[in-house]
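Single-structure report; data block below.
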Amino acid sequence: MLQIAVMNESTVIADGDVQAMLPAFTQQWNQDLQPIWGVEEASFTFVPKGQTPASGTWWVVFLDDSDQAGALAYHDLTNEGLPISKVFVKTILADNASVSVGATHEICEMAVDPWLNSAYQDPQGVFWAGEVCDPVEDDQYGYKIGSILVTDFVTPNWFAHEYAQGPIDFKQQATEPFEVLTGGYAQKFDPQQGWQQVTGSKARRSRRAHASTG
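Numbering of the sequence shown is given in the working numbering, commencing with residue 5 and proceeding in unit increments.
Below, the structure is given as structure tokens:
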């Protein structure tokens, strides 16, 4: 079972509020995401300030301000080469967005694409980045686990042929593959045109980061 350390380095959210999210993190990963995407089961543990997470753990870190222009949160790799999700609480609140949705967005994407290198080819030969929350990322599409609002996420059918059977996203709000809902976005690579971004209206930037950071 994966061990994921959750740390709070933010000055604007209490440790107790972060800890209150952990059951929702666990339930979404193990009960909602795992059956659809086949990810390994995970256990989330809160690590208080001043304590060092165990070696080999994946990280979720709550911070104040974004260190990537326009990013509310992102997932990346630590210096140990393991996945990390960064959640920028001040930046999220300034955008009038949900901290728990931002956190679960990155956690779900970290689960499905931990090494930041997955892409899926559509019938036209275009590759789409394997980010499972971006197309449905707006808070309005989230759902509650207990009292915690968590993100929606797409299923493998979002990346599939137009005649794919089954839900396109967990909450069944998208109606066809490669659909980007209002407030969402997706990244695609066309061999003739390079990387492009497809957005719904008023798209946020809870975006993928490419550079490794500590």
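C-beta atoms are modelled at their ideal positions from N, C-alpha and C, and glycine is treated no differently.
Item to complete: Take residue 129 as the anchor and find which of 113, 175, 195 and 35 has the nearest alpha-carbon.
Response: Indexing the sequence shown from 1 puts residue 129 at position 125. When each option's Cα is compared against that of residue 129, the closest is 195.
Worksheet item: Can you tell me whether DSSP reads residue 208 as helix, strand or coil?
Response: In the sequence shown, the residue the question calls residue 208 occupies position 204. Note that residue 208 scores a pLDDT of 45, beneath 50, so its modelled location is shaky; the value from the coordinates is reported in the next line. Residue state, collapsed to three classes: coil.
Item to complete: Please confirm if the segment 6 to 19 is in contact with the segment 54 to 70, defined as three or more CB-CB distances below 8 angstroms between the two stretches.
Response: yes
Worksheet item: Going by Cα to Cα distance, which pick from 152, 165 and 136 is closest to residue 159?
Response: As a working note, residue 159 is residue 155 in the sequence shown. Out of 152, 165 and 136, 136 has the C-alpha closest to the C-alpha of residue 159.
Worksheet entry | Terminal residues of the alpha helix (DSSP H) in which residue 95 lies | The count along the sequence shown starts at 1 and reaches residue 95 at position 91. Element bounds for residue 95: 93 to 98.
Discussion item. Cutting at 6 angstroms between CB atoms, please list the residues of its own chain near residue 222, excluding the five before and the five after it.
Written reply: Residue 222 cannot be examined here, being either before or after the span of the chain that is shown, 5 to 218.
Item to complete: Just grab the DSSP bridge partners of residue 158 for me.
Response: If you number the sequence shown from 1, residue 158 lands on position 154. The partner list for residue 158 (beta bridge, DSSP) reads 173.
Discussion item. Just verifying my parser: in three-state terms, what is the DSSP assignment at residue 121?
Written reply: What you label residue 121 is simply residue 117 of the sequence shown in a count that begins at 1. It is coil, neither helix nor strand.
Worksheet item: Which of the three DSSP states, helix, strand or coil, is assigned to residue 114?
Response: For the purposes of this step, residue 114 is taken as residue 110 along the sequence shown, with counting starting at 1. In the structure shown, residue 114 sits in a helix (DSSP, three-state: H, G or I).
Discussion item. Please state the DSSP three-state secondary structure of residue 145.
Written reply: On the sequence shown, residue 145 is found 141 positions in, with the first residue counted as 1. Residue state, collapsed to three classes: helix.
Practice prompt. Along the alpha helix (DSSP H) that carries residue 185, what are the first and last residues, could you check?
Written response: As a working note, residue 185 is residue 181 in the sequence shown. Run containing residue 185: none; DSSP gives neither H nor E here.
Practice prompt. Could you please give the first and the last residue of the uninterrupted alpha helix (DSSP H) stretch that includes residue 37?
Written response: Within the sequence shown, the letter at position 33 stands for residue 37. Where residue 37 is concerned, there is no enclosing alpha helix (DSSP H), given that its DSSP letter is neither H nor E.
Practice prompt. Pick helix, strand or coil for residue 127, following the three-state DSSP scheme.
Written response: Here residue 127 corresponds to residue number 123 of the sequence shown, with the count starting at 1. Three-state DSSP puts residue 127 in coil, outside helix and strand.
Fill in: Beta-carbon separation (whole angstroms), residue 156 vs residue 147, contact threshold 8 angstroms
The residue given as residue 156 occupies position 152 in the sequence shown. The residue given as residue 147 occupies position 143 in the sequence shown. That pair is a contact at about 7 angstroms.
Item to complete: Decide if residue 141 is buried, meaning its Cβ has at least 16 other Cβ atoms within 10 Å, or exposed.
Response: For the purposes of this step, residue 141 is taken as the residue at position 137 of the sequence shown. Buried.
Discussion item. Let's test the definition: count the other Cβ atoms within 10 Å of the Cβ of residue 87 and tell me whether it reaches 16, buried, or not, exposed.
Written reply: Taking the first residue of the sequence shown as 1, we reach residue 87 at position 83. Flag for residue 87 reads buried.
Item to complete: Going by CA-CA distance only, name the one from 93, 18, 107 and 41 that's closest to residue 220.
Response: In the structure as shown, the chain begins at 5 and stops at 218. Residue 220 is therefore absent and cannot be evaluated.
Worksheet item: Roughly how far, in whole angstroms, is the beta-carbon of residue 26 from the beta-carbon of residue 10, given that I think they are within contact range, below 8 angstroms?
Response: Residue numbering aside, residue 26 sits at position 22 when the sequence shown is read from its first letter. Residue numbering aside, residue 10 sits at position 6 when the sequence shown is read from its first letter. That pair is a contact at about 6 angstroms.
Worksheet item: Is it the case that the Cβ atoms of residue 33 and residue 115 are separated by a distance below 8 angstroms?
Response: Residue 33 sits at position 29 when you count from the first residue of the sequence shown. Residue 115 sits at position 111 when you count from the first residue of the sequence shown. Yes, Cβ-Cβ distance for residue 33 and residue 115 is below 8 angstroms.
Worksheet entry | Minimum C-alpha distance to residue 46 - residue among 126, 111 and 198 | Within the sequence shown, numbered from 1, the residue matching residue 46 stands at position 42. Closest option to residue 46, Cα to Cα, is 111.
Item to complete: Please confirm whether residue 62 and residue 6 have their CB atoms less than 8 angstroms apart.
Response: Taking the sequence shown and counting its residues from 1, the one referred to as residue 62 is at position 58. Taking the sequence shown and counting its residues from 1, the one referred to as residue 6 is at position 2. Closer than 8 angstroms, so yes.
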